[in-house]
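Report on one structure; see the data block that follows.
In our numbering, the protein residues as written are 832 to 998.
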């Protein structure tokens with residue numbers, strides 16, 4: 832459902848990045864870059880002290896053959912602290928600032944953003960904050976529907992309050 836000039840972002844780690852790339856290229860995407868999200872703090876790591884603890888996540892940036900230009904062409908390393916684990920609503924929750932930066936880079940006001948893996952609704956919140964439409968899906972509705980609805984409601988109330996304050 833991606834528009835011909837649209838952008839796709841897929842989060843992966845070093846173990847799954849090649850599989851994601853292969854699948855995306857197999858269905859017609861061109862991998863433009865593999866960016867890095869620097870979480871600014873390391874993860875827990877494995878159960879044995881045989882490997883390094885990761886502080887980053889990979890972001891595969893893919894398009895079709897004739898993509899729109901990026902709105903903000905900056906470095907391919909995004910530095911956003913991950914959410915405090917005690918405040919996370921989802922185990923792989925992304926920070927709103929990171930998703931907001933990707934939304935701003937790849938779309939314009941009024942565009943529609945699709946998130947087929949909503950989790951806790953961070954992409955929808957970023958879309959609302961940046962005056963974009965959004966569509967999202969989450970298979971684990973029982974665990975995340977209330978969280979998604981709460982976060983979207985808060986983002987809309989905050990946006991409306993900012994609009995009213997500027998009038």
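Quick reminder that beta carbons are idealized off the backbone N, C-alpha and C, glycines included.
Next item on the list: Verify whether the separation of the beta carbon atoms of residue 944 and residue 983 is less than 8 angstroms.
Entry: In the chain shown, residue 944 corresponds to position 113, counting from 1. In the chain shown, residue 983 corresponds to position 152, counting from 1. Against a cut-off of 8 angstroms, the Cβ pair of residue 983 and residue 944 comes out as no contact.
Next item on the list: Return yes when the Cβ of residue 838 is within less than 8 angstroms of the Cβ of residue 898, no when it is not.
Entry: Here the question's residue 898 lines up with position 67 in the chain shown. Here the question's residue 838 lines up with position 7 in the chain shown. Yes, they are a contact pair.
Notebook entry, point to check: Helix or strand or just coil, what does DSSP make of residue 869?
Noted result: Translated into positions along the chain shown, residue 869 becomes position 38. Residue state, collapsed to three classes: strand.
Check: Taking C-alpha atoms, which residue in 833, 924, 948, 862 lies nearest to residue 868?
Finding: The count along the chain shown starts at 1 and reaches residue 868 at position 37. Closest by alpha carbon: 924.
Check: What do you reckon, are the CB atoms on residue 856 and residue 889 nearer than 8 angstroms?
Finding: Start at 1 with the first residue of the chain shown, and residue 856 comes out as number 25. Start at 1 with the first residue of the chain shown, and residue 889 comes out as number 58. In this structure, residue 889 does not lie closer than 8 angstroms to residue 856 by Cβ.
Notebook entry, point to check: Which residues in the same chain as residue 874 place their Cβ atom closer than 8 angstroms to its Cβ, once the five residues preceding and following it in sequence are excluded?
Noted result: Counting from 1 along the chain shown, the entry for residue 874 is found at position 43. For residue 874, where only same-chain residues beyond five positions count, the Cβ hits under 8 angstroms are 884, 885, 886.
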